[in-house]
Each structure stands twice: as C-alpha cells, then as structure tokens.
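Notes for the one structure printed next.
Residue numbers (this note's numbering): 61 to 274.
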C-alpha cells in the first residue's frame, strides 16, 4: 500500500468515526451530518441541482458523502422524472441508516466506500471537504483533488460540489474546517477537468458551489 493510499484510508477512518458520533447524537437531521440546519442544507441542494438538465426524461446520480440520504429526499420532493440514485459514504452507520430509511426501492441504493461502483449521469459531493480536522493544508488539498478526480471519473454529464469559502468572516472561521479559495478552485477545475465550469457564490451562505459539465 502506497503512502497516498494509507493517508486516504486514515482520512476516511477519521471522518467515519466523527460522523458516526454525530449521527448517534443528532440522528437523521442536518446536524447529524454536521450542517447547521435544514434551510442551509436545502439551499446547498438547490445549487448542486442547477447542474441537472431539467429537460431530460430521467437521469442517474451518484451522491458521494451521502450521509443519511437527505439528497434523495430532496430529489423526491422536487423532481417528477425517474431518478436512479446511488449514495456512497465511508461511514458504515450512515449507510446502514440510509438503507433502513429507503427499503425496497429499486431506484435507490447505498454503498459503503468512497468510489462509486458505477458511472452515473451526474456525481455530487456536498460537504465532502469542509471538515479538515487536524490535517495540514497541504494534506487536505491533496485529498480534495484526489476526491474530485473520483467524482469526475464517475459521471457522464458532470459533477457538482461545494466547499466553505475563504471569503468567510475571519472571526467565524474554525481551525478544524477547510476554507478553500473559490477562484483557485475554479481555475483548477477549468484546467484539470473541463472548460465548462460555473462558480456559484451568491446564495447567502459561507460557502460556494462549483458545477463542472463534460
């Protein structure tokens, strides 16, 4: 096992332990996946879903870092066309919990791990990069890029993700969290993935969303 793979496994183990505790404490709520509240969670889903071609008759989504499957709930409430959904998470308790929430649905599946087992039309990552814990800036940036590579390689039409912004008020920033420069992230996506990239930074939260279309 190489150094990078060992580092990736350690990060995922640490994230799984953290979110297991959150889920145990707060249950199937935004706080159970470390969001402040339902309004902010839904606002982020709205931004991510701007990637979706609303004229399509049906589509598939990989939701990496799916938590308790809240995006599946949002899709059910806001789209009428058939959607095949795969939720992926490194936290075993999240996956077990999600499977219990959506039993017997052929259009909804959950997978333990960090690499989707299929290529979907779209791949989303909501809140994947916010919790840096005690990792250095360099270590976390390498993790972000390797994860974005996975998101991009597991979609046919595009990927969407969000991140806390470096433009947040300094007094509100926490050491354990990761605040990315949205301009640098936009530039990296343009150079690394596609020339069809959108940066959304106008929806009233201390984060931004990037849409990458293939």
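The C-beta atom is built at its ideal place from N, Cα and C for all residues, glycine as well.
Reduced DSSP category for residue i - H, G, I as helix; E, B as strand; rest coil
{"i": "residue 140", "result": "coil"}
{"i": "residue 171", "result": "strand"}
{"i": "residue 204", "result": "helix"}
{"i": "residue 124", "result": "strand"}
{"i": "residue 240", "result": "strand"}
{"i": "residue 257", "result": "strand"}
{"i": "residue 229", "result": "coil"}
{"i": "residue 273", "result": "strand"}
{"i": "residue 148", "result": "strand"}
{"i": "residue 198", "result": "helix"}
{"i": "residue 234", "result": "coil"}
{"i": "residue 165", "result": "coil"}
{"i": "residue 192", "result": "coil"}
{"i": "residue 80", "result": "helix"}
{"i": "residue 88", "result": "coil"}
{"i": "residue 210", "result": "helix"}
{"i": "residue 263", "result": "coil"}
Of the residues the options, the one placed nearest residue i, counting alpha carbons only
{"i": "residue 110", "options": "260, 274 and 253", "result": "260"}
{"i": "residue 103", "options": "186, 198, 256 and 202", "result": "186"}
{"i": "residue 176", "options": "143, 121, 193 and 223", "result": "121"}
{"i": "residue 194", "options": "212, 238, 220 and 219", "result": "238"}
{"i": "residue 148", "options": "232, 84, 214 and 112", "result": "214"}
{"i": "residue 172", "options": "179, 166 and 158", "result": "158"}
{"i": "residue 156", "options": "84, 116, 269 and 245", "result": "84"}
{"i": "residue 228", "options": "240, 221, 236 and 220", "result": "240"}
{"i": "residue 165", "options": "150, 201, 191 and 132", "result": "132"}
{"i": "residue 128", "options": "169, 255 and 254", "result": "169"}
{"i": "residue 269", "options": "117, 245, 64 and 142", "result": "245"}
{"i": "residue 139", "options": "106, 154 and 125", "result": "106"}
{"i": "residue 113", "options": "143, 73, 82 and 226", "result": "143"}
According to DSSP, residues forming a beta bridge with residue i
{"i": "residue 215", "result": "180"}
{"i": "residue 119", "result": "143"}
{"i": "residue 223", "result": "268"}
{"i": "residue 100", "result": "DSSP output for residue 100 lists no bridge partner at all."}
{"i": "residue 187", "result": "For residue 187, which the question treats as bridged, DSSP gives no partner whatsoever."}
Burial state of residue i, where buried means 16 or more other Cβ atoms lie within 10 Å
{"i": "residue 216", "result": "exposed"}
{"i": "residue 243", "result": "exposed"}
{"i": "residue 69", "result": "exposed"}
{"i": "residue 181", "result": "buried"}
{"i": "residue 205", "result": "exposed"}
{"i": "residue 130", "result": "buried"}
{"i": "residue 251", "result": "exposed"}
{"i": "residue 87", "result": "exposed"}
{"i": "residue 151", "result": "buried"}
{"i": "residue 1", "result": "The question about residue 1 has no answer, for the chain in this structure spans 61 to 274."}
{"i": "residue 233", "result": "exposed"}
Presumed contact (8 Å Cβ cut-off) between residue i and residue j, rounded CB distance
{"i": "residue 262", "j": "residue 223", "result": "About 15 Å separates the two Cβ atoms, so there is no contact after all."}
{"i": "residue 272", "j": "residue 212", "result": "7 Å"}
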